[in-house]
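Residue numbers (the numbering used here): 8 to 301. Don't be surprised by glycine CBs; every beta carbon is placed ideally from N, CA and C.
Here it is as structure tokens:
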């Protein structure tokens, strides 16, 4: 007959602390992430792709950074219009007003409510605003402001902003992107009219600021790579938030994790349709029904 010494009791491994679990998870997942990153390297050739140099677009180009041309949305639109790019992350208005691009379905830079980086900074009540100096880098955001003001019966004159350094001294200034964030964080004497929040108040829908606009050429491999990069970016969003240097960690976490989202689904498509309807209503072009490709 065996004794207790012949059958020692099984011993459970000591419980891991949350920090130990996190380190083990990182060790186990790191090889897979490195493999995914490696597969994205040099994967865009022979296609030429452009994106914006803003923090909010970082998750969409994860792993592709060395292959991407980074430029403001208006410059990307010009390059795309000259067929010097095959795809670009541009203002959704570029697609709605020019019937020559497809939209890569499922991917967008969008917000459901406050966006933090697209706003009108004003020292006068909105009803008294007669002139607005505008950052013209993003056509969609500029048209969004015009639509929202027109819905209030307002049509102020829009003047080009000569430079960001002039913004604090101006009574009314429209800003987008990282420069807008810097301006708002400087505690200016302006009220901030967040256009994402204003759009949601009007429509109860998300607003889509930017999409992957695709030239109408055979490009299925390119579409697949852009989807893979977005998925990789979202799977490693914590890394992006912790490794980027714009602003501070808490802001990046709040901005990328809450205010911006990267999905283009049924609600976002309804938001695009509503925006197109309002562009037509207020005489900002006939507009074209968007064509989505997967």
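{"Asked": "Rounded straight-line distance, which links the Cα of residue 116 to that of residue 2", "Found": "Because the chain is modelled from 8 through 301, residue 2 falls outside the range shown and cannot be assessed."}
{"Asked": "Nearest to residue 245 (by Cα), restricted to the options 257, 228 and 133", "Found": "257"}
{"Asked": "Residue 111, enclosing beta strand (DSSP E) - first and last residue", "Found": "108–111"}
{"Asked": "Buried versus exposed, by CB contacts within 10 Å (16 or more), residue 60", "Found": "exposed"}
{"Asked": "Inter-residue Cα distance where the pair is residue 77 and residue 157", "Found": "32 Å"}
{"Asked": "Three-state secondary structure (DSSP) of residue 80", "Found": "helix"}
{"Asked": "Contained alpha helix (DSSP H) runs [length at least 4] in the stretch 200–256, N- to C-terminal order", "Found": "202–210, 227–242 and 244–250"}
{"Asked": "Which listed residue (133, 237, 73 and 102) has its alpha carbon closest to that of residue 202", "Found": "133"}
{"Asked": "Exposure label - residue 206; buried when at least 16 CB within 10 Å", "Found": "buried"}
{"Asked": "At least 3 beta-carbon pairs within less than 8 Å: the stretch 275–288 vs the stretch 130–146", "Found": "no"}
{"Asked": "Buried or exposed (CB count within 10 angstroms, at least 16 for buried), residue 298", "Found": "exposed"}
{"Asked": "Start and end residues, beta strand (DSSP E) containing residue 95", "Found": "94–98"}
{"Asked": "Residue 100 vs residue 161 beta-carbon contact at 8 Å", "Found": "no"}
{"Asked": "Cut-off 7 Å between Cβ atoms - residues of its own chain near residue 150, not counting five sequence neighbours on either side", "Found": "100, 286 and 291"}
{"Asked": "Secondary structure of residue 58, DSSP reduced to three states", "Found": "strand"}
{"Asked": "C-alpha distance - residue 293 paired with residue 189, whole-angstrom precision", "Found": "35 Å"}
{"Asked": "Cα-Cα separation between residue 255 and residue 275, rounded to whole angstroms", "Found": "29 Å"}
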